[in-house]
Amino acid sequence: MLPPACSDTGVGPIGAVLLVMKAPAPKQFASGRQFAAWMGLTPRDHSTAGKVRLGVITRAGDEVLRKTLVLGATALLRHVRVGRGKNGSPWLMELLKRKAPKLVAVALANKVARIAWKMMVTGEAYRGNATRSAPACAA
7 MLPPACSDTG VGPIGAVLLV MKAPAPKQFA SGRQFAAWMG LTPRDHSTAG KVRLGVITRA
67 GDEVLRKTLV LGATALLRHV RVGRGKNGSP WLMELLKRKA PKLVAVALAN KVARIAWKMM
127 VTGEAYRGNA TRSAPACAA
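Last residue of the sequence shown: number 145 in our numbering, and the count goes up by one each step with no gaps.
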């Protein structure tokens, strides 16, 4: 099933098609985190003795797919930062206050990959924020 193109996630028609074409079967992954790790959107783990140390983003997996998701997230961030996205998520706004925009774009791409994995596994349509009165996307 094709994930819908949604303007409030940064996934457009090209990103949705790339997700379906380039990603292996979503049921092959136990979780959305494993899917995002396959794509190269998670930090490398250098933890030892209970001390968590996260390194750089791994950049594993398909480069075109990863770049497309990060580019969509960057476009969404620009939209929010310029002020047109007045209803940006609180999570995103707080992260933008603490971290560099490029790092926030990768974190958002990671979140989008996890959402896309869940949608592909369950076959659900994207609903956006459940509190909104109007649907956020056209299926």
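We put the CB at the ideal spot given by N, CA and C, even for glycine.
Coil, strand or helix - residue i by DSSP
i           : result
residue 76  : helix
residue 3   : For residue 3 there is no data in the structure shown, the boundaries of the chain being 7 and 145.
residue 28  : helix
residue 33  : helix
residue 118 : helix
residue 83  : helix
residue 57  : strand
residue 141 : Because the pLDDT of residue 141 is 40, which lies under 50, any placement of that residue in the model is unreliable, and the number read from its coordinates should be weighed accordingly. Three-state DSSP puts residue 141 in coil, outside helix and strand.
Contact belief for residue i with residue j at Cβ below 8 Å, rounded distance in angstroms
i           : j          : result
residue 20  : residue 74 : 6 Å
residue 119 : residue 47 : 6 Å
residue 111 : residue 76 : 6 Å
residue 163 : residue 49 : The structure shown has nothing for residue 163, since the chain only spans 7 to 145.
residue 16  : residue 79 : 5 Å
residue 88  : residue 94 : Not a contact, Cβ separation roughly 11 Å.
Cβ neighbour criterion (16 or more within 10 Å) applied to residue i
i           : result
residue 131 : exposed
residue 109 : exposed
residue 105 : exposed
residue 8   : In this prediction, residue 8 has a pLDDT of 46, which is less than 50 and means its spatial position is unreliable; nothing more can be read from the coordinates.
residue 97  : exposed
residue 38  : buried
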